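Novice: Protein chains in written order, with this note's numbering: chain X, 2 to 274; chain R, 1393 to 1592.
Attaching a single structure in structure tokens format; questions to follow.
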């Protein structure tokens, strides 16, 4: 049994998907199906990282921020009215979280380079949180965006020389895929909310930024991942069955993710050596 | 008679294999003759060898007192497994090794080993016990000294003095949080360190 769970496809794909599916099925009636993202992230983190947070590396900070985002999302859904102020606050929090996550690396660089990288990463993360946040009232679009973003981030990270970050990204996609699949099968939309959108956006953006800063992902391939949640705004056949809408939105977001991945492949990362 | 006695005593002292040093002596690691090498299993098919190209450090030895210590700093980004050209691939193996999957060199640019000689075979250190810090994690490591020699540096016409050593040991990379691709790429890593150091 140990050998089965050693396989990357299981650690980053099958196991997170199954756990997320259980979460969605059990918690959808409580409007907590969005915990699928946090559940998928926790599952892959258990396999790749274990339960330790020491030393507090960049990767562990990303995991902690992703899980914390689910808690913040839960509170936002429960206590706060959606609106521009909340969206802006979450985006700013996301950007600040990014600086905290990467601080140990940024602080080792010359000030000008550190400011440029840190500022760029913070902006990227904030933009991702804001864009995906706009989709949270629309669970089919949000699920499609999460699916495309997770898989796109995963593939881009692998092409950017980090299989670990790739597996984390793919696990996010698996979690969002489970969320989408239940909607397709039941024919009913399931509430997404900030509990889904915030951890999906924040974690994917941090993973992509990590693959850029710590591995070889080109910054423009990272930036193009913003196209993925943007693609989820494209028109859907609203009067058609939910499964078809899920399929169409996934097609949009996969296409956008493919653009970022192709760029990561063809133009590689920073020059070798 | 006295002159002949002094001459004989001087010749006898020069012929001794290793002078008994009366006090600790400090050495600086020679970076172009010091390389930590490693070997790691790849799919169980072969061992892949690599090394770190950039090392610095210092050593203190007191042979009379049978004490010695070494402090080595390794630049993680200098890892070299002879695969640094991408060809048609998105990244080379050495680039992958520098990524967060393995040595995460952007976050942890240096590894250190601080050890002391705890067992001696006569005037020769036999075992080094110390602490290796890798990826922010510090764990005890024991190295066997396979070879040790000290003597005049022939490049300086005997004016300088140097020591050289080879040491080996084994670690588990998962002990340091490096778990990527285990067991396809083995957890156990064999260490083989060559070192030369010049007396200050």
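Every residue gets a Cβ at the ideal spot worked out from N, C-alpha and C, and that includes glycine.
Predicted, not measured: the structure shown is a model, and the values here were computed from it.
Rounding to the nearest angstrom, what Cα-Cα distance links residue 6/X and residue 14/X in this structure?
Specialist: Distance between the alpha carbons of residue 6/X and residue 14/X is about 11 angstroms.
Novice: Just to confirm, is the Cβ distance from residue 24/X to residue 147/X under 8 angstroms?
Specialist: Result no, Cβ atoms of residue 24/X and residue 147/X do not sit closer than 8 angstroms.
Novice: Under 8 angstroms Cβ-Cβ, which residues of chain X neighbour residue 1529/R?
Specialist: Residues of chain X passing the Cβ test: 56.
Novice: Taking only the alpha-carbon atoms, compute the straight-line gap between residue 34/X and residue 254/X and give it to the nearest angstrom.
Specialist: Using only the alpha carbons, I get a separation of about 21 angstroms.
Novice: Counting contacts by CB-CB distance shorter than 8 angstroms, is residue 7/X in contact with chain R?
Specialist: Cβ-Cβ to chain R under 8 angstroms: yes for residue 7/X.
Novice: If we count Cβ pairs, one from each stretch, closer than 8 angstroms, do we get three or more for the region 49-67 of chain X versus the region 78-89 of chain X?
Specialist: Verdict: no, contact absent.
Novice: Could you have a look at residue 258/X and say whether DSSP puts it in helix, strand or coil?
Specialist: Three-state result, residue 258/X: helix.
Novice: Among residues of its own chain, excluding the 5 on either side of residue 1/X, which ones have a beta-carbon nearer than 6 angstroms to its beta-carbon?
Specialist: An answer regarding residue 1/X cannot be provided, because it is not within the stretch 2 to 274 covered by chain X.
Novice: Since residue 1595/R meets chain X, which of its residues come closer than 7 angstroms, beta carbon to beta carbon?
Specialist: With chain R covering 1393 to 1592 only, the question about residue 1595/R has no answer from this structure.
Novice: Mind listing the chain R neighbours of residue 166/X? Cutoff is C-beta to C-beta under 7 angstroms, in chain order.
Specialist: Per Cβ cutoff of 7 angstroms: 1492.
Novice: Give me the chain R residues within the contact set of residue 49/X, using Cβ-Cβ distance strictly less than 9 angstroms, ordered along the chain.
Specialist: Under the 9 angstroms cutoff, chain R gives 1571, 1572.
Novice: Please name the residue or residues paired with residue 1586/R in a DSSP beta bridge.
Specialist: Answer is 1427/R, 1558/R.
Novice: Measure the beta-carbon distance from residue 128/X to residue 226/X and round it to whole angstroms, keeping in mind my assumption that it falls under 8 angstroms.
Specialist: Between residue 226/X and residue 128/X the Cβ distance is about 10 angstroms, and since that is not below 8 angstroms, they are no contact.
Novice: Which runs of the beta strand (DSSP E) at least 3 residues long sit entirely within the region 1474-1561 of chain R? Give them in chain order.
Specialist: Those beta strand (DSSP E) runs which fall completely within the region 1474-1561 of chain R and span 3+ residues are 1502-1513, 1516-1526, 1529-1544.
Novice: Is the beta carbon of residue 1555/R sitting closer than 8 angstroms to the one on residue 1462/R?
Specialist: Against a cut-off of 8 angstroms, the Cβ pair of residue 1462/R and residue 1555/R comes out as no contact.
Novice: What does DSSP give as the partner residue(s) for residue 1472/R in the beta ladder?
Specialist: Bridge partners of residue 1472/R: 1443/R.
Novice: Given residue 1611/R, which residues of its chain have a CB within under 8 angstroms of its CB, disregarding the five upstream and five downstream residues?
Specialist: Summary: the structure shown does not reach residue 1611/R, with chain R confined to residues 1393 through 1592, and so no result is reported for it.
Novice: Does the beta carbon of residue 220/X sit closer than 8 angstroms to a beta carbon anywhere in chain R?
Specialist: Chain R contact via Cβ: absent.
Novice: Can a CB atom of chain R be found closer than 8 angstroms to the CB of residue 265/X?
Specialist: Chain R contact via Cβ: present.
Novice: Give me the residue from 97/X, 151/X, 68/X, 187/X with the minimum Cα distance to residue 18/X.
Specialist: Checking every option, the nearest Cα to that of residue 18/X belongs to 151/X.
Novice: Could you give the DSSP three-state label for residue 1450/R: helix, strand or coil?
Specialist: Three-state result, residue 1450/R: strand.
Novice: If you scan the region 119-165 of chain X from start to end, which runs of the alpha helix (DSSP H) of 4 or more residues do you find wholly inside it?
Specialist: The region 119-165 of chain X contains these whole alpha helix (DSSP H) runs: 140-160.
Novice: What is the DSSP secondary structure of residue 1433/R, reduced to helix, strand or coil?
Specialist: Strand.
Novice: Could you tell me whether the Cβ atoms of residue 222/X and residue 261/X are closer together than 8 angstroms?
Specialist: Yes, the Cβ-Cβ distance between residue 222/X and residue 261/X is below 8 angstroms.
Novice: Would you say residue 1502/R faces chain X, with C-beta separation under 8 angstroms as the test?
Specialist: No - not a single Cβ of chain X is within 8 angstroms of the one on residue 1502/R.
Novice: Name the DSSP beta bridge partners of residue 62/X, please?
Specialist: According to DSSP, which records beta bridges pairwise, residue 62/X is partnered with nothing at all.
Novice: Less than 8 angstroms separating the beta-carbons of residue 45/X and residue 183/X?
Specialist: No, Cβ-Cβ distance for residue 45/X and residue 183/X is not below 8 angstroms.
Novice: So with CB distances below 9 angstroms, who are the chain R contacts of residue 60/X?
Specialist: Correct list: 1492, 1496, 1499.
Novice: Which residues in the same chain as residue 179/X place their Cβ atom closer than 7 angstroms to its Cβ, once the five residues preceding and following it in sequence are excluded?
Specialist: Closer than 7 angstroms at the Cβ level, and outside the excluded window around residue 179/X, lie 18, 21, 22, 25, 37.
Novice: In this structure, what does DSSP give as the bridge partners for residue 221/X?
Specialist: For residue 221/X, which the question treats as bridged, DSSP gives no partner whatsoever.
Novice: Which residues in chain R have a C-beta closer than 8 angstroms to the C-beta of residue 211/X? List them in chain order.
Specialist: Within 8 angstroms Cβ-Cβ: 1492.
Novice: On the DSSP bridge assignment, give the partners of residue 47/X in chain order.
Specialist: Answer is none; residue 47/X lacks a bridge partner.
Novice: Taking 8 angstroms as the threshold (beta carbon to beta carbon), is residue 1575/R in contact with chain X?
Specialist: Judged by the 8 angstroms Cβ criterion, residue 1575/R is in contact with chain X.
Novice: Can you name the residues of chain X whose CB is closer than 8 angstroms to the CB of residue 1482/R?
Specialist: Simply 160, 161, 162, 217, 265, 266, 269, 270.
Novice: Any idea what DSSP makes of residue 54/X, helix, strand or coil?
Specialist: Coil at residue 54/X, not helix or strand.
Novice: Under the assumption that residue 1456/R contacts residue 1441/R (Cβ atoms under 8 angstroms), give the Cβ distance between them as a whole number of angstroms.
Specialist: So it is not a contact: roughly 38 angstroms between Cβ atoms.
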